[in-house]
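In what follows, a single structure is set out as structure tokens and then discussed.
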Amino acid sequence: MVARYKRVAEALRNIRVGPGAAVFSPQVKALSLTFRFENYAGQMGARVFFRENLPRIQYHNPTLPITVTRDHAKDNACKMIVTMADGTTQEISMLRKESSRICSELLSVAKATPYTEAEEPAKTKQTVTA
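Residue 129 in UniProt numbering sits at position 129 of the sequence shown; the count goes up by one each step and never skips.
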């Protein structure tokens, strides 16, 4: 039972901190990703971003609508569209890029504030007296 608790605690900690753990500016209203279902012609970075970084972004921005389209067509574009509050959109190409580069480009476009473990509330130790 303790091992299971440790695995769950580690999984939750990995969602809270790491690449992509940032709070977006209020000007960002929506995020849309489009990439191929399978790894094809340089779309591996988008898949890694989807699997590793996007859960952290969702965790820290729970009200941000995020749409992910994974298509089987070979001619679809590998891109991310960031919609701003004033209606403008900015497109980030994810083709032939590593997930860390995609994440850094998104954080700069979204004017995000990175989240660090130092911002976590201090845990209080509970003592049991018998």
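All residues carry an ideal CB built from backbone N, CA and C; glycine is no exception. From a predicted model like this one, the values you see are computed outputs, not experimental measurements.
| Item | Value |
| --- | --- |
| Can you look up F49 in the DSSP assignment and give me helix, strand or coil? | helix |
| Let me confirm a value: H72 is counted as buried when at least 16 other C-beta atoms fall within 10 Å, else exposed. Which label applies? | exposed |
| Can you look up P55 in the DSSP assignment and give me helix, strand or coil? | helix |
| Mind the definition here: the region 78-88 touches the region 96-111 only if three or more C-beta pairs lie below 8 angstroms; say whether that holds. | yes |
| For A22, does the three-state DSSP call read helix, strand or coil? | strand |
| For M94, which beta-bridge partners are listed by DSSP? | DSSP lists no partner for M94. |
| On a Cα-Cα basis, can you pick out the residue from A30, V2, C78, K29 that is closest to K97? | C78 |
| How big is the Cα-Cα spacing for V17 and N76? | 32 angstroms |
| Just to confirm my understanding: we take P55, look at its own chain, exclude 5 residues before and 5 after, and list those with CB closer than 7 angstroms. What are they? | I15 |
| Tell me the rounded alpha-carbon separation between E105 and R47. | 16 angstroms |
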